[in-house]
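Structure, as C-alpha cells:
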Amino acid sequence: MLIVDDDLASANELKLAMQPHGWLVEVCCAGLDALQLLQNFKYDFILLDWNLPDLAGPAICQKFRDAGGQTPIIFLTGRHGVANVEEALDSGGDDYLTKPFDVRELLARIRTVKRRPQQVTQGKLRLRDLQFDPMLRVISNGVEQVQLSPTESAMLEALCRSPNTYFSSASLFKAVWPSETESSEEIVRTHMKVLRRKIKLLTSVELINTQRGSGYVINADDVNFE
1 MLIVDDDLAS ANELKLAMQP HGWLVEVCCA GLDALQLLQN FKYDFILLDW
51 NLPDLAGPAI CQKFRDAGGQ TPIIFLTGRH GVANVEEALD SGGDDYLTKP
101 FDVRELLARI RTVKRRPQQV TQGKLRLRDL QFDPMLRVIS NGVEQVQLSP
151 TESAMLEALC RSPNTYFSSA SLFKAVWPSE TESSEEIVRT HMKVLRRKIK
201 LLTSVELINT QRGSGYVINA DDVNFE
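Here the sequence shown stands for residues 1 to 226, numbered as in the numbering used here.
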C-alpha cells in the first residue's frame, strides 16, 4: 500500500493502523515523488490525500490513470461537498473518505473497492457502438477509450447482465457493494453521475436510462455479449 499525505505524523499513524491487517505500507509526502514511485513500483492499493505541496491529489490520480495505472485509489481529505467527490471520482478515484474518519470504515471501504463482482464476465460486451471490457474496466468507441473505476465497472456490468430490469439506488447498492458496507443511496447516485459523464465522452447515445420511481435500466436491444 502507498499512502500519499504531506502530514507525515498522520501518514505514519495510518501506516501503523494498516499493518495489523496485513498491509506492507510505504509513505510518501509529495505528489511528484508519488508519481515517480508509481512509475517504478507496483502497489496493491493507494490512499491519496488531496492537498499536497506540489501537485493536488486529483492531478496525481489523473496522471496515473492516463498512464494506464489501474491500482485502486481512495481519496482521504478534509474537503467536503459533492463537487469534491465528483472531482475525485472524475480523476479516476475509486472512493472518497473525509477526515477525520474511523479506521474501521476505511478498512470496509478498502474491502469494497477490492471486491470484484461475482458475476464478472470473461468476455467483452457491446453497448450499441461501444465496447465494454469488464476485466480491464474499459469502454471504447473504437477510437478513444475511457478507464472505469472498479465500482463504475461493477455498476455498468450489473445493468448489462440484467437488461430491461430496473435497479433502484438501493437495489444497485446491494448488487455492487458488499454486505458490511453501510447503505447509501447518495453514493450510488454520485457514482452513476460520473459513470454517465464518462460514457458521454464516447457517445451521444443515452445508454443508461432512468425512470422516476423505478430506477436505472439498460434496454436489452442495446446489449450484446461477444
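Just so you know, even glycine gets a beta-carbon here, dropped at the ideal spot from N, CA and C. All figures in this text were calculated on a predicted structure; none of them were measured in a lab.
Candidates the options, of which the one nearest residue i by Cα
| i | options | result |
| --- | --- | --- |
| L2 | C28, S184 and I218 | C28 |
| A170 | S162, L52 and R189 | R189 |
| D129 | A11, N40 and E206 | E206 |
| Y216 | K99, L156 and E26 | L156 |
| T210 | E144, E26, T165 and T151 | T165 |
| R177 | R111, R126, R197 and C160 | Arg is not the amino acid found at residue 177; the sequence shown has Trp there. Measuring from the Cα of W177, the nearest candidate turns out to be R111. |
| S149 | D6, L127, V194 and L125 | V194 |
| M192 | E13, V85 and S10 | V85 |
| T151 | I73, P163, D222 and S214 | I73 |
| K198 | T71, S153, R109 and F101 | S153 |
| W23 | L52, N40, S10 and D44 | D44 |
| G68 | G78, K42, L52 and G81 | K42 |
| A83 | I187, S204 and P134 | I187 |
| H80 | K99, G92 and G213 | K99 |
| F101 | F75, G92 and N40 | F75 |
| L136 | F167, R104, E105 and T71 | T71 |
Cβ separation of residue i and residue j, assumed to be a contact under 8 Å, to the nearest whole Å
| i | j | result |
| --- | --- | --- |
| D94 | V113 | 5 Å |
| H21 | L107 | 6 Å |
| L47 | F64 | Actually they do not touch by this definition, with Cβ atoms about 13 Å apart. |
Segment limits, beta strand (DSSP E) that includes residue i
| i | result |
| --- | --- |
| I208 | Premise fails: I208 is in no beta strand (DSSP E) and is neither H nor E. |
| C28 | E26 to C28 |
| I46 | I46 to D49 |
| T77 | I73 to T77 |
| D33 | D33 -> not in any beta strand (DSSP E); alpha helix (DSSP H) instead, spanning G31 to N40. |
| V146 | Q145 to Q147 |
Chain-order list of residues whose beta-carbon lies under 7 Å from that of residue i (same chain, five-residue window excluded)
| i | result |
| --- | --- |
| E185 | S169, A170 and F173 |
| R196 | I208 |
| V25 | M1, I3, K15, M18 and Q19 |
| E87 | P58 |
Cβ shell of residue i (< 6 Å), same chain only, five flanking positions each side left out
| i | result |
| --- | --- |
| N219 | none |
| N224 | R126 |
| S140 | Q131 |
| A175 | A158 |
| D7 | none |
Cutoff 8 Å; reference residue i; Cβ partners in own chain excluding five residues on either side
| i | result |
| --- | --- |
| A56 | G31 and W50 |
| V138 | F132, Q145, V146, Q147 and L148 |
Element boundaries [alpha helix (DSSP H), containing residue i]
| i | result |
| --- | --- |
| N84 | V82 to D90 |
| F64 | G57 to D66 |
| S169 | S169 to V176 |
| D222 | Segment: none, D222 is in no alpha helix (DSSP H) and carries neither H nor E. |
| V103 | V103 to K114 |
| R126 | Premise fails: R126 lies in the beta strand (DSSP E), L125 to L127, not in any alpha helix (DSSP H). |
| S10 | L8 to M18 |
| L195 | E185 to K200 |
| L153 | It should be pointed out that residue 153 corresponds to Ser in this sequence rather than to Leu. P150 to R161 is the span of the alpha helix (DSSP H), which, as asked, contains S153. |
Residue i Cβ short of 7 Å to the ligand ZN heavy atom set
| i | result |
| --- | --- |
| L172 | The ligand ZN is absent from the structure shown, which contains no ligand whatsoever. |
Neighbour flag for residue i against chain D, beta carbons, 8 Å
| i | result |
| --- | --- |
| P150 | Absent from the structure: chain D. Only one protein chain is present. |
Meets three-Cβ-pair contact criterion under 8 Å: the segment 26 to 38 and the segment 57 to 65:
yes
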